[in-house]
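K.L.:
In the UniProt record's numbering, the protein residues as written are 1 to 158.
1) Does the Cβ-Cβ distance between residue 45 and residue 96 come in under 8 Å?
2) Let me know the secondary structure DSSP gives residue 146 once reduced to three states.
3) To the nearest angstrom, report how far apart residue 110 and residue 65 are at their CA atoms.
4) Compare the Cα-Cα distances from residue 9 to each of 19, 15 and 36 and report the closest residue.
5) Under three-state DSSP, which class holds residue 29?
6) Assign residue 6 to one of three DSSP states: helix, strand, or coil.
7) Which whole-angstrom value describes the C-beta separation of residue 18 and residue 54, a residue pair presumed to lie in contact below a C-beta threshold of 8 Å?
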């Protein structure tokens with residue numbers, strides 16, 4: 001199949017985010033330029049989710065990926081003294097681990113020139129007492145992006 005328009009793979013977790021994924025798929029289809037979009041249910045708390053999402057994307061569109069947008073994220077607003085170990089694990093699993101392992105899963109399929117875009121929050125730089133652990137996870141994502149610019153022979157643009 002010769003696909004000339006953008007091919008978009010969207011991950012979602014919940015029914016409300018599936019509705020938004022469906023809206024994006026409809027907008028992509030309305031472009032009428034041979035663009036296609038698929039949705040993949042993937043909870044980035046699951047260690048296998050990044051690999052599975054990439055495998056489903058490759059199955060749908062072929063053996064190359066141009067752009068990865070890491071947009072999965074959770075926020076728990078609580079002062080440091082009230083952050084539970086479950087809150088901490090959830091923040092790190094979704095906001096940091098999923099970014100690292102989704103990028104890792106896509107590396108073999110990124111073609112030059114490629115882009116990895118990882119969204120974070122301004123709180124990583126300005127902080128807020130009720131969101132300091134959340135801010136720290138976003139700072140980790142930004143550090144990963146800075147270090148990734150010097151990574152490996154493929155060197156995707158981060």
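All C-beta atoms in this analysis are idealised placements derived from N, C-alpha and C, irrespective of residue type, glycine included.
P.N.:
Taking the coordinates as given:
1) The residue you call residue 45 lines up with position 45 of the chain shown. The residue you call residue 96 lines up with position 96 of the chain shown. Contact flag unset, no.
2) Indexing the chain shown from 1 puts residue 146 at position 146. Reduced to three states, the DSSP call for residue 146 is helix.
3) As a position in the chain shown, residue 110 is number 110, starting the count at 1. As a position in the chain shown, residue 65 is number 65, starting the count at 1. Their backbone Cα atoms lie some 5 Å apart in a straight line.
4) For the purposes of this step, residue 9 is identified with residue 9 of the chain shown, where counting begins at 1. Closest by alpha carbon: 36.
5) By 1-based counting over the chain shown, the position of residue 29 is 29. Three-state result, residue 29: helix.
6) For this step, residue 6 is matched to residue 6 along the chain shown. Note: residue 6 maps to coil in three-state DSSP.
7) Taking the chain shown and counting its residues from 1, the one referred to as residue 18 is at position 18. Taking the chain shown and counting its residues from 1, the one referred to as residue 54 is at position 54. Wrong, their Cβ atoms sit about 19 Å apart, outside the cutoff.
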